[in-house]
Each structure stands twice: as C-alpha cells, then as structure tokens.
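Asker: Residue numbers (the working numbering), protein chains in the order written: chain A, 1 to 118; chain B, 1001 to 1118.
The beta carbon of each residue, even a glycine, is placed where N, CA and C say it ideally should be.
Computed from a prediction, not measured in an experiment: that's the story for all the values here.
Protein chains: 2
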Amino acid sequence: MEKKKIELSESCRKSIQGIKDTQDLLSGKWKAAIVGALFYNGKFRFMDLSRHIVGIAPKVLSKELKDLEMNHLVKRTVLDTMPITVEYELTSQGKSLHKIIEAMGEWGIRYRKSLLRK
Amino acid sequence: MEKKKIELSESCRKSIQGIKDTQDLLSGKWKAAIVGALFYNGKFRFMDLSRHIVGIAPKVLSKELKDLEMNHLVKRTVLDTMPITVEYELTSQGKSLHKIIEAMGEWGIRYRKSLLRK
DNA sequence: TACACCTGTTACCTATTGGTAAGTAGTTAC
DNA sequence: GTAACTACTTACCAATAGGTAACAGGTGTA
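(1) At what residues does the alpha helix (DSSP H) containing Val1060(B) begin and finish?
(2) Excluding the 5 residues flanking Glu1069(B) on each side, which residues of the same chain have their C-beta closer than 6 Å to its C-beta?
(3) May I ask you to report which of helix, strand or coil DSSP gives Thr77(A)?
(4) Nearest chain B C-beta to Ile101(A) closer than 8 Å, yes or no?
(5) Using alpha carbons as the reference points, say which of Ile53(A), Lys66(A), Asp21(A) lies closest to Arg1110(B).
(6) Whole angstroms are fine: how far does the CA of Arg13(A) sit from the CA of Leu115(A)?
(7) What residue range does the alpha helix (DSSP H) around Val1035(B) cover?
(8) Using a Cβ-Cβ cutoff of less than 6 Å, which residues in the same chain neighbour Asn1071(B) once the five nearest sequence positions on both sides are dropped?
(9) Under 8 Å between C-beta atoms, does Asp1070(B) make it to chain A?
(10) I'd like to know if Ile1019(B) contacts chain A, where contact means its C-beta is closer than 8 Å to some C-beta of that chain.
(11) Rounded to the nearest angstrom, how far is the Cβ of Leu117(A) from that of Thr85(A), given a contact under 8 Å?
(12) I need the boundaries of the alpha helix (DSSP H) containing Thr22(A), first residue and last residue.
(13) Report the three-state DSSP secondary structure of Leu1097(B) (helix, strand or coil).
(14) Let me check understanding here. Comparing Cα to Cα, which of Ile16(A), Gly28(A), Leu65(A), Arg51(A) lies closest to Gly94(A)?
(15) Compare the C-beta of Lys14(A) against all C-beta atoms of chain B and say whether one is closer than 8 Å.
(16) Looking at C-alpha atoms only, which residue of Val1074(B), Met1047(B), Glu1102(B) is the closest neighbour of Pro1083(B)?
(17) Looking at the secondary structure, which residues open and close the alpha helix (DSSP H) in which Met968(B) lies?
(18) What do you reckon, are the CB atoms on Ile19(A) and Gly1108(B) nearer than 8 Å?
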C-alpha cells in the first residue's frame, strides 16, 4: 500500500508560522479590538478607550495595553497636563496591522449579517 | 473647562464589534493556524493536521476542530475507507476568511524578520 | 471640606485553556 | 499474535485569563 506523504511547501510552513506569531501578539479577548479602536481613532486616552471598548475592566485594559506596548505595537505617552493624561497610539509597527484589522472588521460585519439572515 | 467628547462614528463602532466577533471565532492558540493550514492545503485528515500543526495535542486539535465546525467554518467528512479516514476542509464561510489569514501570514513573516534585524 | 476626575493598582476569585499520559475500538501488515 | 495505523476520548492537572470590587494618589471645582 502506497503512503501519501503530505508535505507542505516551505512557504506554506512559513505562512502558518506567521499566522501563529500574529495570533500570539493579538491573543485574548480584547487586543484586536483595542488595536482597531486606535487604528480608527488615531489616539486615545485611557478613559476614552475604556468607554469605547465596551465592557472592558480597567485592570484588563491596563494589562492588554502593557502587552501591546511591550511588543512595540502601541506607544504610550504621558502628557504634562493637569490632571495628568496619557495617550495611547499605534506605532508604525502597529499601524502595519491595518490589513488584518480591516479584514477582521469587514468579515465580522458580514458574518453577523449572515447570521441574521437565517 | 471644555469637555471633549470623543464619539466614534457608527461605522467605527460596527467595525470594532466586527473585529471582536472575528476574534471570538478564531480565539485560542491554534484556530487561526488550523484555518491557515486548511486554506493552503485544501483538505487534511486528522493525523496529517496534527503533524503539520506542530506541537498540538490530539485532544486540543479535536476540540478546536469541533469549535470551528460548530461555527460553520470547517466541514468534517467521514470517508468510507479501511481504516476509516476523516477529512476536514473549509466551508465557503471558512474560505471567506482568506483575506485575514493571508494578511496574518504575511504580517507574521515580516514581523519575524524585523525582530531578526535587531 | 467634600466630591469628581485622572490613571491606574491591588486583592481576590472562578472558569477556561491547554497540556500530559493513557486508553478505546477497529483494520491491516509482518 | 503482535505491532502499527486510523481517529479520537478520557482522566487529570496547572497556569492563565478575565472578572469584580475597592482603593490610591494626584489635581481641580463647588
């Protein structure tokens, strides 16, 4: 009996690894949405983010932003205002996620519509 | 003191919701990679998948495939062979994720290269 | 003085995720 | 008859994710 060995090409293996890497950086319930909000709005202060990412707790938002900052996707800037305010924005690395973010937004909207049709 | 009310447009809010919906369906460490493998290869049997998604345990693969099947992204077909084999492939709904998957693959590859340059 | 707003932190808890190791049940090859 | 292949499942466990609620330490406003 002949054995079929399925061998993925080098480029496929690299792509799958790339998908995993990307997924790791955007892991969890909120990170992609946070990047999306920053992408659509440009800059956000902590409280504004927490108001627009509906349902996120400050503790969780804080942790997610730290993760994103650590991976150089988000930049945190403390402004010398009274009271102090902090601005979050995407780095150029973060902005380079735009294809993914836009595709996810569009797909999600279509998916939701397709569920309603049923 | 004037208050700035940051109001996202309806379309932005919808996009953020879409991103969250998409993220929910592709949640976890492996789902995006599984969809990617099926996207690049077309069809896969259980054991072939577990060989190509390096590191995944059969229990976890089984659970992820069930989740994806439940959300109509993956189709499971039992073939009447000896021994029985099972094929997994993307549904048309699953195939419609291609933009996201390709973008994730490309971004991940670039990201990895940018890390090596440092 | 009391309250509100800023950006978070801390303590605590639970549910889920993801992992290991082994087993099940049928078929085929040596 | 025994080992190996197919596709899983089961029992068990540890780490993490993510949630609630309260609070901290600063400034400004009534």
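Answerer: Here's the rundown:
(1) Its alpha helix (DSSP H) spans residues 1058-1070.
(2) Arg1076
(3) strand
(4) It does: the Cβ of Ile101(A) has a partner Cβ on chain B nearer than 8 Å.
(5) Asp21(A)
(6) 33 Å
(7) 1031-1041
(8) Short of 6 Å from the beta carbon of Asn1071(B), and not among the five residues preceding or following it, lie these beta carbons of its own chain, in chain order: Leu1025.
(9) In the sequence under discussion, the amino acid at residue 1070(B) is Met, which differs from the Asp named in the question. Closer than 8 Å: no.
(10) For Ile1019(B), the nearest beta carbon of chain A is closer than 8 Å to its own beta carbon.
(11) For the sequence presented, residue 117(A) should be read as Arg rather than Leu. So it is not a contact: roughly 44 Å between Cβ atoms.
(12) 10-25
(13) Here Leu1097(B) sits in coil by DSSP.
(14) Leu65(A)
(15) yes
(16) Met1047(B)
(17) Because chain B here runs from 1001 to 1118, residue 968(B) falls outside it and cannot be looked at.
(18) yes
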